[in-house]
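Quick note, the sequence shown lines up with residues 1 to 182 if you use the UniProt record's numbering. Glycine residues also receive a C-beta, built at the ideal position from the N, C-alpha and C atoms. Every value quoted in this text rests on a predicted model; they were computed, and no experiment measured them.
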Amino acid sequence: MERGLSPWGADAKAGADDEQTPTDRWLEAVEGMPPLEGPAGTAERLLLLLHYGIDWKNSWVGERRSTYWDKLLPDRVLLAAIPSGSLRRFWREVTQALESRPRNAAERAEVEQLLRADDEAVLEVLRWEAEALLLRTRLTADAVRFRRQAASAADDHLGAADLEAKDLGTSPFEATHKDSAI
Numbered sequence: 001m002e003r004g005l006s007p008w009g010a011d012a013k014a015g016a017d018d019e020q021t022p023t024d025r026w027l028e029a030v031e032g033m034p035p036l037e038g039p040a041g042t043a044e045r046l047l048l049l050l051h052y053g054i055d056w057k058n059s060w061v062g063e064r065r066s067t068y069w070d071k072l073l074p075d076r077v078l079l080a081a082i083p084s085g086s087l088r089r090f091w092r093e094v095t096q097a098l099e100s101r102p103r104n105a106a107e108r109a110e111v112e113q114l115l116r117a118d119d120e121a122v123l124e125v126l127r128w129e130a131e132a133l134l135l136r137t138r139l140t141a142d143a144v145r146f147r148r149q150a151a152s153a154a155d156d157h158l159g160a161a162d163l164e165a166k167d168l169g170t171s172p173f174e175a176t177h178k179d180s181a182i
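As structure tokens, this is what we get:
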């Protein structure tokens with residue numbers, strides 16, 4: 001496998017940001033929780049891609065957020081994993097059930113790569129460790145949401161400083177730190 005293309009190994013993390021997979025970036029948001037490797041890592045990443053592929057505004061899943069993490073998602077994952085004989089079959093069943101699909105080319109490429117893993121080993125992890133994997137998925141989703149909210153708040157703050165600086169004829173830094181001694 002080429003450097004930077006492994007979605008669960010150290011090589012993927014060693015490359016530049018543009019070489020990272022979507023799940024690499026999501027998993028980085030959780031401090032102190034290293035990504036899983038091997039079949040568990042593949043399962044974890046498929047579940048992240050499943051979660052982020054859901055159309056929360058226009059699908060029936062969005063209307064059932066209160067039971068999503070504790071009932072809906074675990075049930076659908078197990079209902080797809082238990083009878084499936086291949087990862088491709090699992091992916092088709094669970095994405096149809098939850099109206100999920102990759103949102104962009106990077107996510108599609110990662111799904112395609114992950115679906116080439118050892119079917120039986122990954123399906124066994126999904127069947128027997130679904131609860132733990134979904135807990136990690138939820139922790140990751142919470143951390144990503146927190147990081148996005150913090151970035152948005154910082155952007156809003158800097159945007160206000162830019163406007164104030166323009167009005168005062170100063171730099172955004174000076175407008176932001178006008179009350180602090182430098």
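Apart from the five residues just before and just after residue i, which ones in its own chain have a Cβ nearer than 6 Å to its Cβ?
i, result
"F146", "none"
"S59", "E99"
"R64", "L72"
Here's the rule: buried if 16 or more other CB atoms are within 10 angstroms of the residue's CB, otherwise exposed. What is residue i?
i, result
"S100", "buried"
"S66", "exposed"
"E112", "exposed"
"W56", "exposed"
"A132", "exposed"
"A80", "buried"
Could you give the distance in angstroms between the alpha-carbon of residue i and the alpha-carbon of residue j?
i, j, result
"P74", "Q96", "15 Å"
"T42", "A153", "33 Å"
"L36", "V30", "12 Å"
"G85", "E120", "7 Å"
"I82", "R148", "35 Å"
"residue 219", "R92", "Residue 219 is absent from the structure shown; the chain starts at 1 and stops at 182."
"D70", "E19", "34 Å"
Excluding five sequence neighbours on each side, which residues of the same chain lie with their C-beta closer than 7 Å to the C-beta of residue i?
i, result
"R76", "V94, A97, L98"
"V122", "P39, T42, A43, L87"
"A143", "A29, V30"
"L27", "P35, T140"
Between residue i and the rest of its own chain, which residues show a CB-CB distance below 8 Å, the 5 nearest in sequence each way excluded?
i, result
"Y68", "V61"
"E107", "P22, L49, Y52, G53"
Our contact map puts residue i next to residue j with C-beta atoms below 8 Å; I'd like the distance itself, whole angstroms only.
i, j, result
"L114", "R45", "6 Å"
"A130", "L78", "6 Å"
"L126", "F90", "7 Å"
"Y52", "R103", "7 Å"
"T21", "E110", "5 Å"
"L47", "L134", "7 Å"
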